[in-house]
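Residue numbers (this note's numbering): 5 to 151.
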């Protein structure tokens, strides 16, 4: 039993550590600062940018945890000086974006596929599309809250 618990916890710790490491690489290279300067100059919606960043990282890495940690760190330069309410909307946008289109590079995708005995195609048509609908609906709600 201890081995089962240890292996479960080890996977979670590795995912969080990888997300933290990836975030730190981006912070150390100054990408977050460059992104903040670019976004301010382009007059972009910070909430929409937060969602898009989380979506892109989720699609690239397959991990909602890594997408959340990394997108949050990239948004730090943009949320400075914002009110608590505005920062809360950015946090919600990152959370919604991190759910977007779970696919074959996501461990959760394979858990759902195997648990329910579905094919890859069936899992994409059900699980992946449901995750995408949740993500987009979340963004819409966040945008409405900020309006």
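Here a beta-carbon is modelled for each residue, glycine too, at the ideal position from N, C-alpha and C.
Note that this is a predicted model, so its numbers are computed, not measured.
Compute the distance between the beta-carbons of residue i and residue j, then report whether it is under 8 Å.
i	j	result
residue 57	residue 75	yes
residue 103	residue 48	no
residue 100	residue 143	yes
residue 146	residue 51	yes
residue 54	residue 91	no
residue 78	residue 17	no
residue 113	residue 136	no
Using C-beta distances below 8 Å, list every residue in its chain close to residue i, excluding the 5 sequence neighbours before and after it, in chain order.
i	result
residue 149	93, 96
residue 44	82
residue 63	104, 105, 107
Within 8 Å of any Cβ in chain B, is that where the Cβ of residue i sits?
i	result
residue 138	This model lacks chain B altogether; it includes just one protein chain.
Going along the chain, which residues of its own chain have a beta-carbon closer than 6 Å to the beta-carbon of residue i, five neighbours each way excluded?
i	result
residue 132	105, 106, 107
residue 109	66
residue 61	71, 74, 75
Do you know how far the Cα of residue j is from the Cα of residue i?
i	j	result
residue 115	residue 141	24 Å
residue 84	residue 33	19 Å
Output the residue ranges of the alpha helix (DSSP H) runs that lie fully inside the region 84–111 and measure 4 residues or longer, sorted by chain position.
Counting whole runs of 4 or more residues, the region 84–111 contains the alpha helix (DSSP H) stretches 88–101.
Does the region 24–39 come within contact of the region 60–75, defined as at least 3 CB pairs closer than 8 Å?
Yes, they touch.
Mind pulling the alpha helix (DSSP H) runs of 4 or more residues that sit fully within the region 110–139?
Counting whole runs of 4 or more residues, the region 110–139 contains the alpha helix (DSSP H) stretches 111–119, 124–127.
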